Each structure stands twice: as C-alpha cells, then as structure tokens.
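Peer 1: Here it is: the structure, laid out below.
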Amino acid sequence: PARNFHERLHSLQFQTKVVLQACEEVFNAEMFFRVLEFCLALGNELNLGSSKGNAKGFSVLDLPTLSMTTTTDKKGHLMHYICATLAAKRPELLSFPNA
Numbered sequence: 001p002a003r004n005f006h007e008r009l010h011s012l013q014f015q016t017k018v019v020l021q022a023c024e025e026v027f028n029a030e031m032f033f034r035v036l037e038f039c040l041a042l043g044n045e046l047n048l049g050s051s052k053g054n055a056k057g058f059s060v061l062d063l064p065t066l067s068m069t070t071t072t073d074k075k076g077h078l079m080h081y082i083c084a085t086l087a088a089k090r091p092e093l094l095s096f097p098n099a
C-alpha cells in the first residue's frame, strides 16, 4: 500500500507540475493575449447595440464558436475572417504558437 501511495503521489506531482507549467506559459504569452483582445474587440463590434456589445471579456469555453459562426454568405467562418484580418493587419500575432 505505501509503495502504491508513493507511486500515485509521484504521478500526481508530475501531472501538477505539467499543468502549472502550461498555465504559466499561457499566462506569459503576450501574442496570444493580443489575439484574444482582437477576438473580444471583434465580438463587441459584431454585437454593437445589443446587451453583449460592450463585453469586458469572454470565457475561453466560447472560443470554439469562432469556427462555428458562419459569415452572412455562408462561405466562411468567423475564424477564417480573424485569421485573414490578422494576416493582413497584424501578421506578427499569427506567430504566437512559436513565441
């Protein structure tokens, strides 16, 4: 029993360390935050005049909706628009996975 406990403790300590490192990387990822700011500003622009139009933030759980929200012509998604706009106006932000 003691051996099993120590093995599980070691495993949990390792997993906790990995999660904390990932949190620290996300927290310190300036480019990623700039992309999220752009998404927030775009969401506020799209929701202008509604109760959702002046949001101070959003849940990361809402991020998948960027690839599900279609354009009015149904030929693309909001994520495509975001990437195209960032590529044209702020291409440095698209390198955030490598930053």
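Here the sequence shown stands for residues 1 to 99, numbered as in the UniProt record's numbering. Don't be surprised by glycine CBs; every beta carbon is placed ideally from N, CA and C. Note that the structure is predicted; figures quoted are calculated from it, not measured.
Using a Cβ-Cβ cutoff of less than 8 Å, which residues in the same chain neighbour L86 once the five nearest sequence positions on both sides are dropped?
Peer 2: Locating residue 86 in the sequence shown gives position 86, where the first residue counts as 1. Within the same chain, L86 has close Cβ partners V35, F38, L93 and L94.
Peer 1: Specify, as a first and last residue, the run of the alpha helix (DSSP H) that H10 falls within.
Peer 2: Here the question's residue 10 lines up with position 10 in the sequence shown. Start and end: A2 to F27.
Peer 1: Just list the residues that DSSP pairs T85 with in beta bridges.
Peer 2: Position 85 of the sequence shown, counted from the first residue, corresponds to residue 85. DSSP output for T85 lists no bridge partner at all.
Peer 1: Should G53 go down as buried or exposed, given a rule of 16 or more other Cβ atoms within 10 Å for buried?
Peer 2: Taking the sequence shown and counting its residues from 1, the one referred to as residue 53 is at position 53. Classification for G53: exposed.
Peer 1: Checking the sheet assignment: what are the DSSP bridge partners for H77?
Peer 2: Stepping through the sequence shown from its first residue, residue 77 is reached at position 77. Looking at the DSSP assignment, H77 forms a beta bridge with T70.
Peer 1: If we call anything under 8 Å between Cβ atoms a contact, is L78 one with L63?
Peer 2: Counting from one through the sequence shown, the residue named residue 78 turns up at place 78. Counting from one through the sequence shown, the residue named residue 63 turns up at place 63. In this structure, L63 does not lie closer than 8 Å to L78 by Cβ.
Peer 1: Helix, strand or coil for R34 per DSSP?
Peer 2: Taking the first residue of the sequence shown as 1, we reach residue 34 at position 34. Three-state result, R34: helix.
Peer 1: Given a cut-off of 8 Å, decide if F58 and L46 are closer than it, judged by their beta-carbon atoms.
Peer 2: As a first step, residue 46 must be located in the sequence shown, where it is residue number 46. As a first step, residue 58 must be located in the sequence shown, where it is residue number 58. Result no, Cβ atoms of L46 and F58 do not sit closer than 8 Å.
Peer 1: By DSSP, does G43 sit in helix, in strand, or in coil?
Peer 2: As a position in the sequence shown, residue 43 is number 43, starting the count at 1. Residue state, collapsed to three classes: helix.
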